[in-house]
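Residue numbers (my numbering): 146 to 405.
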């Protein structure tokens, strides 16, 4: 799946006196993190973080800006989560997952509760992850999504494909759900939490990632895919682009205990 392409179109309007309320501008890189605001021809042209909003009451302008930015970030998060799952699945010649908005809504409703435990939702597989860093609360980002999925994929060395067993004392259930062949759809919820931190009072601000899979995987006694695919395409997965997580960042995962 390619990255989504977005465009912001600024349209010219005129009031009764012919004054331009919004002026056409050159294309704006809405993914830019640079910010600027300037007055030209008595028109307010604002560029903040990732989008441009027409002149108007400041509270309305801010609300529209934040709403658009949130949509752009969520689209990027969705693309990243799906792409990382499918890159690993395709390396094993396992079918790709398709994003399901209904499943995602279920996951989002649960992640918003900021309760680091499995939801127990029947009929869906589930992977969850939590991460925290020192400092003030920040919005959930594409980097947080990438970290969570790569953490699950990072369990791959803990699973013996030939025997379908986890290494003693290790966790591999997140990975097997990621590559479970009969799971064909995915939907995830992502939340920046400020309560119920699983890392204690020293790290009150944390990110919660919940991914649900349909149909569910991780059935006891079954393989995620046929043993003939264990060789895959001889590809390797990397975490965070090969960069290790700094010591100031703490990450935890929990394995689903049952699928009903």
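Note that the Cβ used here is the ideal one computed from N, Cα and C, for glycine as well. A quick note: this is a predicted structure, and the numbers were derived from the prediction, not measured.
Rounded C-alpha distance that separates residue i from residue j
i: residue 254; j: residue 261; result: 13 Å
i: residue 433; j: residue 275; result: Because the chain in this structure spans residues 146 to 405, residue 433 falls outside the shown range and cannot be described.
i: residue 332; j: residue 270; result: 10 Å
i: residue 359; j: residue 328; result: 5 Å
i: residue 226; j: residue 294; result: 7 Å
i: residue 256; j: residue 355; result: 6 Å
i: residue 221; j: residue 312; result: 34 Å
i: residue 280; j: residue 286; result: 15 Å
i: residue 365; j: residue 322; result: 12 Å
i: residue 291; j: residue 229; result: 8 Å
i: residue 296; j: residue 314; result: 17 Å
i: residue 348; j: residue 284; result: 15 Å
i: residue 324; j: residue 302; result: 14 Å
i: residue 267; j: residue 249; result: 15 Å
i: residue 298; j: residue 234; result: 10 Å
i: residue 330; j: residue 236; result: 18 Å
i: residue 357; j: residue 371; result: 22 Å
Same chain, Cβ closer than 7 Å to residue i, five either side skipped, listed in chain order
i: residue 300; result: 316, 317, 319 and 320
i: residue 179; result: Unreliable positioning characterises residue 179 in this predicted model, as indicated by a pLDDT of 38, which lies under 50. The coordinate reading is nonetheless provided below. Around residue 179: no qualifying Cβ.
i: residue 259; result: 336, 338, 340, 341 and 353
i: residue 223; result: 244
i: residue 246; result: 332
i: residue 252; result: 332, 333, 334, 355, 356 and 357
Cβ-based burial, residue i [other Cβ within 10 Å; buried from 16]
i: residue 367; result: exposed
i: residue 375; result: exposed
i: residue 346; result: exposed
i: residue 369; result: buried
i: residue 334; result: buried
i: residue 289; result: buried
i: residue 216; result: exposed
i: residue 373; result: exposed
i: residue 363; result: buried
Contacting residues, own chain, Cβ-Cβ under 6 Å from residue i (five flanking each side not counted)
i: residue 350; result: 282 and 339
i: residue 264; result: 255
i: residue 277; result: 344, 348, 351 and 395
i: residue 272; result: 297, 319, 322 and 356
i: residue 238; result: 374
- Message: Assess contact between the segment 238–248 and the segment 302–314, defined as three or more Cβ pairs (one per stretch) separated by less than 8 Å. Is contact present?
- Response: no
- Item | Every unbroken beta strand (DSSP E) inside the segment 284–362 [3 residues or more] | 330–338 and 351–359
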